[in-house]
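For the record, the sequence lines run as chains R and U. First residue of the first sequence: 2, per our numbering; consecutive thereafter. First residue of the second sequence: 7, per our numbering; consecutive thereafter. Where is the CB? At the ideal position from N, CA and C, for every residue including glycine.
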Amino acid sequence: MNSPSIEISNISFSYPQVQVLKDINLTLRGDEFLGIVGPNGGGKSTLLKLILGLLEPDTGEIRVLGRTPEHARPLIGYVPQFATFDSKFPIKVRDTVMQGRFGTRKHQFFYTRTDRLKTAEAMERTDILDLQDLPMTALSGGQRQRVLIARALACDPQLLLLDEPTANIDPHQGENIFGLLHRLHDEVSIVLISHDIGFITRCVTRVACLNRTLVCHSTSPVENELLQEIYGMPLSRVEHETNLDAGVRP
Amino acid sequence: MNFFSALGSFDFLMHALLGGLLASIACGIVGAFVVVRRIGYMAGGIAHTVLGGMGIAYYLGHPPMGGALISALIAAFIISAVSRHAAEQEDTIISALWAVGMATGVLFIAKTPGYNVDLMSYLFGNVLMISQQDLLFIAILDVAIIAITLLFYRQLVLVCFDPEFATIRGIPVAAVHTLLLCMVALTVVILIQIVGLILVIAMLTLPAASARLFSTSLALMMLIATLLGGMLTSIGLGLSFTWDLPAGASTAVLSGIAYLVALGAKKMWQARAKSRSQRKGFGAGLSS
């Protein structure tokens, strides 16, 4: 599991008029849990989209699990932000998780027994088995996020990418999500982007700060000077030590 | 003579009733997709473009419904290509198709020699003119829509729910979207005969939007929308017969009223559920 999950060398990316990413280099080992933080508009989501092959870099190269991003997709579990969804969409939890089974084989007109088993397994790992018959509209923010994580896990990914998994959910549920990710980290490498720097440092093995350029740090509390550097303005860090569920790294 | 005894004695009334019921199937299935994918405006564009095809077919002496089918499918392909390659101009291009398509139809119909067809019946439908052959045509289109939905239900749902995730999981999102717009095109062609092209949007969106309020899955939404659509077209026809009203317009107004009633019912239902859970105390609601 220690061959690199992601190798990014010298990539730059611009939308028309604006350069969003400049000379990004990153190597992620298979057993790592990387948190990427940075201000809004700093290029976090763009970097995830590049890793997924949804966007093409202007320069540089990206290899994911030793393949091109597009070819690596079947092995990537992706958790988008739920805030961008239509929250009134009529769909049940189980059917949502089952969507993660697409791309695992060639023709998929019907779900197979394996699909059902893997779906149940993913729901068990994320602790949502008892919600499976409920519609998504009946869930809380934290529960929805778990469903999306289960959907990402349903394809047995080797790499899990999460886009702001704690946005729009209350802190207590956020803690639960991080506890869950910490458990999952034993089996897959994880990249998580968030603007919530306090949460992120607790369970990741490495923090990278992204604001057009990427700066990596080993996991240690982020210092005020660093915050100022990334966000471009004076900021104070507020220590909020709370006891996490057993098993979560301090 | 009341509506029910008239049904037995007039073939045209029976045909109209059957036409409405058959149309409700396409309407319920495709309307559900239109509502959750929010492509009502695209559906409107396709519906109005169709008049161009009907006018040209009529001018050339071919059956207008053939022209309608071809132009609806062409419009579906154009709109899906635009939304893929020039999304920022989507709105403009759909508006252009909408207006130019309609204008083309009006011009060709005006220049067709001889007895001029009643333009109003294309715009607002003439369900009482439906022939046995039309019914067969509608039934075939229904079968096509049902078959596509059965085959690609999961792909269609995922593309509507989360197109980005669908792309990542290897689903050809653009092709599925084009397929969906083609289904919309087929439904438009059916509905033109029932309520006319201007009121197509009412039937594509209102029963499905009402159904969504009480649905936990897209399949259930389709079922409820189909049943509701069947009820609305039948009652609309009954009202139109009893009080001598245009059938298409009656059905559209009824659909609007049904949607308002559904919204009200949903609000009341939610308020009741809320007060019930408050009576139970807060303890139950807190566990995440």
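Under 9 Å Cβ-Cβ, which residues of chain U neighbour residue i?
i: residue 79(R); result: 170, 171, 174, 175
For chain R, check one thing: does any of its Cβ atoms lie closer than 8 Å to the Cβ of residue i?
i: residue 89(U); result: no
i: residue 294(U); result: Summary for residue 294(U): the model assigns pLDDT 40, below 50, so the residue's position carries little reliability; its value from the coordinates is reported in the next sentence. Yes, contact with chain R.
i: residue 106(U); result: no
i: residue 233(U); result: no
i: residue 290(U); result: For residue 290(U), the predicted structure reports a pLDDT of 46, less than 50, and the residue's modelled location is therefore unreliable. A value from the coordinates is still provided. Cβ-Cβ to chain R under 8 Å: no for residue 290(U).
i: residue 272(U); result: no
i: residue 227(U); result: yes
i: residue 167(U); result: yes
Bridge partners for residue i per DSSP, in chain order?
i: residue 68(R); result: 65(R)
i: residue 136(R); result: 93(R)
i: residue 78(R); result: 161(R)
i: residue 193(R); result: 36(R), 163(R)
i: residue 60(R); result: 13(R)
i: residue 161(U); result: Answer by DSSP bridge pairing: none, since residue 161(U) is not bridged.
i: residue 25(R); result: 12(R)
i: residue 7(R); result: 29(R), 65(R)
i: residue 138(U); result: Answer by DSSP bridge pairing: none, since residue 138(U) is not bridged.
i: residue 19(R); result: 16(R)
Consider the C-beta atom of residue i and the heavy atoms of the ligand FAD; say whether any pair is separated by less than 7 Å.
i: residue 173(R); result: With respect to small molecules bound, the structure shown includes none, and the ligand FAD cannot be examined in it.
Is it buried or exposed for residue i, if we count other Cβ within 10 angstroms and need 16 for buried?
i: residue 15(U); result: exposed
i: residue 35(U); result: buried
i: residue 221(U); result: buried
i: residue 74(R); result: buried
i: residue 26(R); result: exposed
i: residue 283(U); result: exposed
i: residue 130(U); result: buried
i: residue 171(R); result: exposed
i: residue 144(R); result: buried
i: residue 58(U); result: buried
i: residue 58(R); result: buried
i: residue 176(R); result: buried
i: residue 98(U); result: exposed
i: residue 10(U); result: exposed
i: residue 211(U); result: buried
i: residue 134(R); result: exposed
i: residue 269(U); result: exposed
Name the chain R residues whose beta carbon is nearer than 8 Å to that of residue i?
i: residue 218(U); result: 89, 91
i: residue 164(U); result: 100, 103
i: residue 42(U); result: 87, 90, 91
Using a Cβ-Cβ cut-off of 8 Å, state whether residue i counts as contacting chain U.
i: residue 175(R); result: no
i: residue 75(R); result: yes
i: residue 14(R); result: no
i: residue 21(R); result: no
i: residue 53(R); result: yes
i: residue 158(R); result: no
i: residue 244(R); result: Residue confidence for residue 244(R) is low, a pLDDT of 42 falling below 50, so the modelled location carries little weight; the figure read from the coordinates is stated next. No, residue 244(R) lies away from the interface with chain U (no Cβ there is under 8 Å from its Cβ).
i: residue 172(R); result: no
i: residue 58(R); result: no
i: residue 240(R); result: Note on residue 240(R): pLDDT 46, under 50, position unreliable in the model; no value is reported.
i: residue 136(R); result: yes
Measure the alpha-carbon distance for residue i versus residue j and round it to whole angstroms.
i: residue 10(R); j: residue 61(R); result: 6 Å
i: residue 118(R); j: residue 106(R); result: 15 Å
i: residue 259(R); j: residue 142(U); result: As displayed, chain R neither begins before 2 nor continues past 251, which places residue 259(R) out of reach and without an answer.
i: residue 64(R); j: residue 93(U); result: 30 Å
i: residue 223(U); j: residue 132(R); result: 15 Å
i: residue 81(U); j: residue 103(U); result: 8 Å
i: residue 128(R); j: residue 154(R); result: 12 Å
i: residue 211(R); j: residue 164(R); result: 14 Å
i: residue 240(U); j: residue 151(R); result: 45 Å
i: residue 76(R); j: residue 188(R); result: 13 Å
i: residue 32(U); j: residue 7(U); result: 32 Å
i: residue 281(U); j: residue 271(U); result: 15 Å
i: residue 156(R); j: residue 79(R); result: 10 Å
i: residue 251(R); j: residue 216(U); result: Because residue 251(R) carries a pLDDT of 38, less than 50, the predicted location of this residue cannot be relied on, and no value is offered for it.
i: residue 76(U); j: residue 86(U); result: 16 Å
i: residue 2(U); j: residue 22(U); result: This structure leaves residue 2(U) out entirely; chain U is present only between 7 and 294.
i: residue 194(U); j: residue 73(U); result: 13 Å
i: residue 85(R); j: residue 167(U); result: 10 Å
i: residue 236(U); j: residue 28(U); result: 8 Å
i: residue 185(R); j: residue 174(R); result: 17 Å
i: residue 88(R); j: residue 114(U); result: 45 Å
Residues of chain U with CB closer than 7 Å to the CB of residue i, please, in chain order.
i: residue 96(R); result: 223
i: residue 179(R); result: Here the premise fails: no neighbours, minimum Cβ distance about 14 Å.
For a contact defined as C-beta to C-beta under 8 Å, what are the partners of residue i on chain U?
i: residue 104(R); result: 174, 175, 176, 177
Give the interface partners of residue i over in chain R, defined as CB-CB distance under 7 Å, in chain order.
i: residue 157(U); result: 110
Of all Cβ atoms in chain B, is any one closer than 8 Å to the Cβ of residue i?
i: residue 94(R); result: You won't find chain B in this structure, because its protein chains are R and U.
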